[in-house]
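The sequence shown maps to residues -5 to 146 in my numbering.
Heads up, the thing below is written out as structure tokens.
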Amino acid sequence: MPEVLGRGVFGVASPDRTLIRAGIALFLLGLLTGFATPLLPAPRLGLASHLEGVMNGLFLVALGLIWGRLTLARWAGSLTFYAALYGTFANWLATLLSAVWGAAGMMPMAGHGAVGSPAAELIVAALLISLSVAMVLVCVLTLWGLRKVKAV
């Protein structure tokens, strides 16, 4: 049975507050990455990491602010919560690792054709693919959770 998500679900005392705090932390990581961008081997990928940190941080803050309006089953709320945390931080990390390692096989335009070691490319690719699935899932479940539910 769907329920309005609020506090005290799936092992986190206040998921809304947790999402907001994580969002501010990720926003800060994005800002700090911006300072390091000129020092990275692939500065355009560093810029991408900076932007991913800032934008995904704001996404987590927004999700935290609307969290109490979502109507989802407990399992769907848990999946949305953890997938959002994973997807947003993995997005920042994948682009940062890509900038540090020059592993831009999956982002050739941003990396100007840079190719890292096979291991580096594999790690970045695994992060990018898994975070993409996670974030699509988060968006679908969030849209579903915002639907109008008839009162019983």
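Here a beta-carbon is modelled for each residue, glycine too, at the ideal position from N, C-alpha and C.
Exercise for review: Report the residue from G62, S111, A120, L25 whose alpha carbon sits nearest the alpha carbon of S8.
Suggested key: G62
Check your understanding: So, G40 versus G24, is the Cβ gap smaller than 7 Å?
Key -> no
Check your understanding: Short check: CB of A78 to CB of L57, under 7 Å?
Key -> yes
**Study point:** L66 - DSSP class collapsed to helix/strand/coil
**Key:** strand
Check your understanding: Who are the Cβ neighbours of P35 in its own chain at under 6 Å, not counting the five residues just before and after it?
Key -> G96
Review point. Quick one: what does DSSP say V127 is sitting in, helix, strand or coil?
Key: helix
Review point. Roughly how many whole angstroms lie between the Cα atoms of C133 and A98?
Key: 26 Å
Point to revise | Alpha-carbon to alpha-carbon, F21 and R15 | key: 10 Å
Review point. Secondary structure at V132, three-state DSSP: helix, strand or coil?
Key: helix
Point to revise | Nearest to T27 (by Cα), restricted to the options G17, I18, A42 | key: A42
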